[in-house]
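Novice: Handing you a structure now.
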Amino acid sequence: MNKGPGLFSDFGKKAKDLLNKDYISDQKFTISSSTYTGLGLVSNLVNKGGLSCGDVAAQYKQKNAVVDVKLDTESNILTTFTITDLLPSAKTVASFKLPDYNSGKLEVQYFHEHAALSTAVGLKKSPAIDFSATIGTPSIAFGAEASYMTSSREFTKYNAGVNITKPDSSASVILADKGDSLRVSYLHHLNQMNGGAVVGEIARKFSTDENTLTVGCSYPVDQHTLVKAKLNNHGNLGALVQHEVGPKSFLTISGAFDTRALEKTPKFGLALYLKP
């Protein structure tokens, strides 16, 4: 449906995923299954700091509609309804979480060949209104987003940026936190490395005059094994190995180290995702 510039939330997403996705410091077990009728089930069990928690999620797809229901160990129930093309070139998402009756939200996304719009409104008496807009093409896009609190009548967030996408690279520049921070990222795919990629990100916070430079890479060792690593200028080193133990089933082992304080105990994480 979307052949235009995409939503503002997608700006820099590929670089962010390479630097953050699958890096964990806990133990996580996930099992997923699906049926020919369009029903999918996912169960998660996480051990964090000696405490265990989990959730069970169900997803049902029927034509242009998707219903997601998630129940966690704290008795929270999150339900999301997604309908595509209810209006031409539009997607509608309605969600609510029980027992928090004020958590409901309605979002409408509209996609055009040269623009994309998104508006989300909380379903309560004095809701927050989130709005984002982008203009451009799939190759280059300019966008902005903002959040407005109707109760206080003030903007709590406004960000702006530009995103450039090419077949073998992507780059983004985002001014965030009401102009207090700037994030610049660049990702390049290395075809000579069997589909590997390198990424660099610079984040600056103007109020504290703090700069963070992070570099990372991913390298597919073979058809079933992926290695990733990242390092920032504060000495934080992260690495992971992800191996496909079966069709669409993965074992991920990750670690985090402080190279400036090697006497500290490194953090390790283990995740097992099974899809019978």
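Residues in the sequence shown are numbered from 1 upward in steps of one, following UniProt numbering.
A virtual CB, placed ideally from N, CA and C, is assigned to each residue, including glycine.
Since we're looking at a predicted model, the values are computed, not measured.
(1) Phe81 and Ala65: beta carbons closer than 9 Å?
(2) Use the C-beta contact count for Gly4: other C-beta atoms within 10 angstroms, 16 or more gives buried, fewer gives exposed.
(3) Comparing C-alpha positions only, which one of Leu19, Ser181, Ala229 and Ala141 sits nearest to Asp209?
(4) Taking just the CA atoms, how far does Asn163 sit from Gly12?
(5) Given 8 Å as the limit, is there contact between the segment 266-275 and the segment 27-37, that is, 3 or more CB pairs closer than that?
(6) My assumption, with CB atoms under 8 Å, is that Arg183 sits in contact with Glu201. Please give the rounded CB distance.
(7) Would you identify the three-state DSSP class for Ala261, choosing helix, strand or coil?
(8) Rank Asn102, Thr73, Leu45 and Leu106 by C-alpha distance to the C-alpha of Thr92 and give the top, closest one.
(9) State buried or exposed for Leu213, treating a residue as buried only when at least 16 other CB atoms are found within 10 Å of its CB.
(10) If I follow the unbroken alpha helix (DSSP H) through Asp177, where does it start and stop?
(11) Could you have a look at residue 281 and say whether DSSP puts it in helix, strand or coil?
(12) So Gly6 and Ala141 are supposed to be a Cβ contact under 8 Å. How far apart are they, rounded?
(13) Please state the DSSP three-state secondary structure of Asn191.
(14) Out of Ser218, Leu240, Thr225 and Ala261, which one is the CA nearest neighbour of His234?
(15) With H, G and I counted as helix, E and B as strand and the rest as coil, what does DSSP make of Leu19?
(16) Write down every uninterrupted run of the beta strand (DSSP E) in the segment 69-156 whose length is 3 residues or greater and which is fully enclosed by it, in chain order.
(17) Short of 7 Å in beta carbon distance, which residues of its chain neighbour His23, apart from the five on each side in sequence? Order them along the chain.
(18) Note down, in chain order, each residue of its chain lying with its Cβ closer than 6 Å to the Cβ of Asp85, except the 5 sequence neighbours on either side.
Specialist: In short, the structure shows the following:
(1) It is a contact, given that the beta carbons lie within the stated cut-off.
(2) Gly4 should be labelled buried.
(3) Restricting attention to Leu19, Ser181, Ala229 and Ala141, the CA atom closest to the CA of Asp209 is found in Ser181.
(4) Rounded to whole angstroms, Gly12 and Asn163 show a C-alpha spacing of 7 Å.
(5) The segment 266-275 is in contact with the segment 27-37.
(6) The beta-carbon distance between Arg183 and Glu201, rounded to whole angstroms, is 7 Å. This is short enough to meet the 8 Å contact definition.
(7) Ala261 sits in coil when the DSSP states are folded into three classes, being neither helix nor strand.
(8) When each option's Cα is compared against that of Thr92, the closest is Leu106.
(9) Answer is exposed; the Cβ neighbour count stays below 16.
(10) Counting along the chain, Asp177 falls outside any alpha helix (DSSP H), and DSSP gives it neither H nor E.
(11) Examination of residue 281 is not possible in this model, given that the chain is present from 1 through 276 alone.
(12) Right, the Cβ-Cβ distance comes to about 7 Å (below 8 Å), so this counts as a contact.
(13) For Asn191, the secondary structure class from DSSP, reduced to helix, strand or coil, is helix.
(14) The candidate whose alpha carbon is nearest that of His234 is Ala261.
(15) Correct three-state label for Leu19: helix.
(16) Under the rule that a run must span 3 or more residues, the beta strand (DSSP E) segments found entirely inside the segment 69-156 read 77-84, 90-98, 105-112, 115-122, 128-136 and 140-149.
(17) It is Tyr, not His, that sits at residue 23 in the sequence shown. Excluding its 5 nearest sequence neighbours in each direction, Tyr23 has C-beta neighbours in its own chain below 7 Å: Gly238, Leu240 and Ser254, listed in chain order.
(18) Annotation for Asp85: Asn64 place their beta carbon closer than 6 Å to its own, counting only its chain and skipping 5 residues before and after.
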